[in-house]
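Trainee: This structure is in structure tokens; I'll ask about it shortly.
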Amino acid sequence: MPKKILWIIVMAVAFLLPFFSSDAFKTQTYTLYALFAAGLFGIAAVNRSWLNNKALILPLSLWLFVVFFTSFYALYRPGAFTGMCNMLFYAFVFITVAGIEDKMKKQLAFMLVIGSILISARAIFQYFVFFEKIAPLIQERALGLSEKEALYITDIALRQRTISTFVTPNLLASYLSMVNLIALFFCFVVKSKAFRGACLLALLMNCYSLWLTRSAAGLVSFAIGVFLLNLLMSAKGAPREKRFRITLAVFCAVVFAAMACLTTSRIIYDTGTDKMLLSLAGRLEFWKTAMRIITDQPFQFVGLEGFGFLYRLYAPYAQFESTMAHNLFLQLWIETGIMGMAVFIWFAASVVLAAIRGLKKARPVFEDYAFKSACLGAVFVFLIHNMLDFSFFVPQTAVIFWLLCAFIVSNENGRQKSDRGECLKPGPEAGI
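In terms of the working numbering, the sequence shown has 252 at position 261, counting the first letter as 1, and numbering is strictly consecutive.
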């Protein structure tokens, strides 16, 4: 019974993870994370299901050591220590979730999909109702906001780019582009018609909400992720499910068409801060400044959240202001040094290789193969998106990425128990 209660807590928190931003609700967010960690620790202790894969533990341990070491010599120590604590939490989530059996991983993934329905519902509500009312209200009254906050919210409302529970449209796009691939998987494997319908609803609402963010980076990364999923499902020796493959190919074509339409619209028709070329100019400025920093001090580091301080020094008269490099690897190089970037790439490559080995083992079973393929595609979506944005450094989206990494690897050196399936299912005959 305690194990079932712990699992209910873990699944409930997994459902709530994307609803709280640490920028807006810091206390609530970290309370939720503490509850999640406690539940996972209980499950792992009862099942003895800690990750025991040396090929993953070694680079992960080195990555945490680099983060820990650089935090003590950071330009901004409070931010660096906060980032370090976040990384420790992510690592714990990865180690505990990677060690559990695939059936439990699918249940957690299912909760992420169901939670995304409410996230998208809020985004759609913002677009059709909220934005129309909030912009005039902010302009008439201060509403307790600072001048910078009021200008930002007014700009978002006037441009009508949905953010839902996130701080920026691009963060919402990063979240949706990951969850959409998981929702696509469940649309074909859930046996219950009611739950299959819920997953289809989530997929449709999420795709529409992704469109409403008007995030070119989000749609581009999502399109690439769907294309990669197509390749994995069409690979030689992959389980054959004709209905899924045909639908996936059509869906891929639709996503690429939507990406082309949005990109064209933002280049030709949009004005002001929505204009695509202006957005690219901002990123080019961030990247050029990051490269100047790396050229000046290629073997030094400034600690997590230190890029913003150097950016002000290297580009004091820059047209665009940011505390993020909008490129994961450039920012990791600057903040954790070339060693930190190299170790993280080693870890990410180890996760991908472990996932590919798992796909080879899962090939006889369509459900297992499709689940790992969808999660692997979602991991690539996140990494590609972070070549243009910064959701890796935001707990609200980063924790989903680390969960996905845990979903695609297996505890190769650990024990598998047949009696772990006693945990609660998401629904009758859910097939997950």
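A virtual CB, placed ideally from N, CA and C, is assigned to each residue, including glycine. It should be emphasised that the depicted structure is a prediction, and the values quoted were computed from it without experimental measurement.
#1: Using the three-state DSSP reduction, which class does Phe116 fall into: helix, strand or coil?
#2: Express the C-alpha separation of Leu222 and Phe56 in angstroms, rounding to a whole number.
#3: Going by beta carbon distance, what residues of the same chain come within less than 7 Å of Cys243, once the five residues before and after it are set aside?
#4: Let's test the definition: count the other Cβ atoms within 10 Å of the Cβ of Ala248 and tell me whether it reaches 16, buried, or not, exposed.
#5: Helix, strand or coil for Ile154? Go by DSSP, reduced to three states.
#6: Quick one, are the C-beta atoms of Ala361 and Val88 less than 7 Å apart?
#7: Is DSSP giving Met378 helix, strand or coil here?
#8: Should Lys352 be counted as a contact of the ligand MN given a C-beta to heavy atom distance under 6 Å?
#9: Apart from the five residues just before and just after Val4, which ones in its own chain have a Cβ nearer than 7 Å to its Cβ?
#10: How many Å lie between Leu51 and Gly349 at the Cα?
#11: Please go through the same chain and pick out, in chain order, the residues whose beta-carbon is closer than 7 Å to the beta-carbon of Leu79, but skip the five residues on each side of it.
#12: Taking Thr314 as the reference, give the member of Leu304, Glu296 and Leu253 with the closest Cα.
#13: Can you tell me whether Gln322 is helix, strand or coil according to DSSP?
#14: What did DSSP end up calling Asp287 once you bin it into helix, strand or coil?
#15: Tell me the DSSP secondary structure of Leu7 in three-state form.
#16: If you follow the alpha helix (DSSP H) that Ile86 is part of, which residue opens it and which one closes it?
#17: Would you decide whether Glu326 is buried or exposed? Buried here means 16 or more other CB atoms lie within 10 Å of its CB.
#18: For Gln117, which residues in the same chain have their Cβ closer than 6 Å to its Cβ, ignoring the five residues on either side in sequence?
#19: Per DSSP, what kind of secondary structure is Lys94 in: helix, strand or coil?
#20: Cα separation between Asp93 and Val400?
#21: Quick check: the region 68 to 76 against the region 92 to 112, are there 3 or more CB pairs under 8 Å?
#22: What's the gap between the Cα of Ser200 and the Cα of Ile115?
#23: Would you kindly report the start and end of the unbroken alpha helix (DSSP H) that includes Thr238?
#24: Helix, strand or coil for Glu420 per DSSP?
#25: Rounded to whole angstroms, what's the CA-CA distance from Gly33 to Ala100? Just pull it up for me.
#26: Given this structure, state the Cα-to-Cα distance separating Ile284 from Ala36, to the nearest angstrom.
#27: Are the region 157 to 174 and the region 208 to 216 touching, with three or more C-beta to C-beta distances below 8 Å?
#28: Taking 7 Å as the threshold (C-beta atoms), are Val390 and Leu8 in contact?
#29: Distance check for Gly299 and Val58, CA to CA, integer angstroms please.
#30: Excluding the five sequence neighbours on either side, which residues of its own chain have a C-beta within less than 8 Å of the C-beta of Leu321, listed in chain order?
#31: Take Met435 and list the residues in its own chain whose beta-carbon comes closer than 7 Å to its own, dropping the five residues that flank it on each side.
#32: If we count the other Cβ atoms within 10 Å of its Cβ and call it buried at 16 or more, is Pro417 buried or exposed?
#33: Under DSSP, the alpha helix (DSSP H) around Arg205 begins and ends at which residues?
#34: Out of Ser225, Phe311 and Arg205, which one is the CA nearest neighbour of Ser256?
#35: What do you reckon, are the CB atoms on Ile110 and Ser155 nearer than 7 Å?
#36: Between which two residues does the alpha helix (DSSP H) carrying Val57 extend?
Mentor: By the coordinates alone:
#1: Counting from 1 along the sequence shown, the entry for residue 116 is found at position 125. Phe116: helix per DSSP, three-state reduction.
#2: Mapped onto the sequence shown, residue 56 falls at position 65. Mapped onto the sequence shown, residue 222 falls at position 231. Cα to Cα, the separation comes out at about 36 Å.
#3: Counted from its first residue, the sequence shown places residue 243 at position 252. Excluding residues within five positions, the ones whose Cβ falls inside 7 Å are Val217, Phe218 and Asn221.
#4: Here residue 248 refers to the residue found at position 257 when the sequence shown is read from its first residue. Label assigned to Ala248: exposed.
#5: Locating residue 154 in the sequence shown gives position 163, counting from the first residue. Ile154 falls in the coil class under three-state DSSP.
#6: Along the sequence shown, read from residue 1 onward, the residue named residue 361 stands at position 370. Along the sequence shown, read from residue 1 onward, the residue named residue 88 stands at position 97. No, the pair does not count as a contact, with Cβ atoms beyond the cut-off.
#7: Along the sequence shown, one-based indexing puts residue 378 at 387. DSSP places Met378 outside both helix and strand once states are collapsed to three, so it counts as coil.
#8: As far as ligands go, the structure on display features none, and thus does not contain the ligand MN.
#9: Taking the sequence shown and counting its residues from 1, the one referred to as residue 4 is at position 13. Same-chain partners within the cutoff: Leu23, Leu26, Phe27 and Gly30.
#10: Taking the sequence shown and counting its residues from 1, one reaches residue 51 at position 60. Taking the sequence shown and counting its residues from 1, one reaches residue 349 at position 358. Annotation: Leu51 to Gly349 spans about 19 Å, alpha carbon to alpha carbon.
#11: Within the sequence shown, residue 79 is the residue found at index 88, counting from 1. Excluding residues within five positions, the ones whose Cβ falls inside 7 Å are Leu55.
#12: Locating residue 314 in the sequence shown gives position 323, counting from the first residue. Cα-wise, what sits closest to Thr314 is Glu296.
#13: Taking the first residue of the sequence shown as 1, we reach residue 322 at position 331. Annotated three-state conformation of Gln322 is helix, per DSSP.
#14: Here the question's residue 287 lines up with position 296 in the sequence shown. It is helical.
#15: Position 16 of the sequence shown, counted from the first residue, corresponds to residue 7. Three-state DSSP puts Leu7 in a helix.
#16: Counted from its first residue, the sequence shown places residue 86 at position 95. Unbroken alpha helix (DSSP H) run through Ile86: Arg68 to Gly90.
#17: Residue 326 sits at position 335 when you count from the first residue of the sequence shown. So Glu326 counts as buried.
#18: Position 126 of the sequence shown, counted from the start, is the residue given in the question as residue 117. Only Thr153 meet the Cβ criterion.
#19: Numbered from its first residue, the sequence shown carries residue 94 at position 103. Lys94 falls in the helix class under three-state DSSP.
#20: Mapped onto the sequence shown, residue 93 falls at position 102. Mapped onto the sequence shown, residue 400 falls at position 409. Computed Cα separation, rounded: 9 Å.
#21: no
#22: Your numbering for residue 200 matches position 209 in the sequence shown. Your numbering for residue 115 matches position 124 in the sequence shown. Straight-line Cα distance between these residues: approximately 6 Å.
#23: Sequence index remark: in the sequence shown, residue 238 carries index 247 (1-based). Segment Lys233 to Ile259, the alpha helix (DSSP H) holding Thr238.
#24: Working through the sequence shown from its first residue, we reach residue 420 at position 429. Below a pLDDT of 50, predicted positions are generally treated as unreliable, and Glu420, at 37, falls in that range; the measurement from the model is reported next regardless. Residue state, collapsed to three classes: coil.
#25: Looking up residue 33 in the sequence shown gives position 42. Looking up residue 100 in the sequence shown gives position 109. So the alpha carbons of these two residues sit roughly 19 Å apart.
#26: Taking the first residue of the sequence shown as 1, we reach residue 284 at position 293. Taking the first residue of the sequence shown as 1, we reach residue 36 at position 45. Whole-angstrom Cα-Cα distance: 45 Å.
#27: yes
#28: Numbered from 1 along the sequence shown, position 17 holds the residue referred to as residue 8. Numbered from 1 along the sequence shown, position 399 holds the residue referred to as residue 390. Their beta carbons are under 7 Å apart, which means Leu8 touches Val390 by this criterion.
#29: Numbered from 1 along the sequence shown, position 67 holds the residue referred to as residue 58. Numbered from 1 along the sequence shown, position 308 holds the residue referred to as residue 299. Answer to the nearest angstrom: the Cα atoms are 17 Å apart.
#30: Walking along the sequence shown from the start, residue 321 turns up at place 330. If we look at Leu321 and ignore the five residues flanking it on each side, its Cβ neighbours are Trp278, Ala281, Met282 and Ile285.
#31: With the chain running from -8 to 423 in the structure shown, residue 435 is simply not present.
#32: Reading the sequence shown from its first residue, position 426 is the one you call residue 417. Low confidence applies to Pro417: its pLDDT is 46, below 50, so where it sits in the model is not reliable enough to give any reading.
#33: Stepping through the sequence shown from its first residue, residue 205 is reached at position 214. From DSSP, Arg205 is part of no alpha helix (DSSP H); its letter is neither H nor E.
#34: Walking along the sequence shown from the start, residue 256 turns up at place 265. For Ser256, the nearest C-alpha among the options comes from Arg205.
#35: In the sequence shown, counting from the first residue as 1, residue 110 sits at position 119. In the sequence shown, counting from the first residue as 1, residue 155 sits at position 164. Remark: C-beta atoms of Ile110 and Ser155 approach each other more closely than 7 Å.
#36: Counting from 1 along the sequence shown, the entry for residue 57 is found at position 66. Lys45 to Ser62 is the extent of the alpha helix (DSSP H) around Val57.
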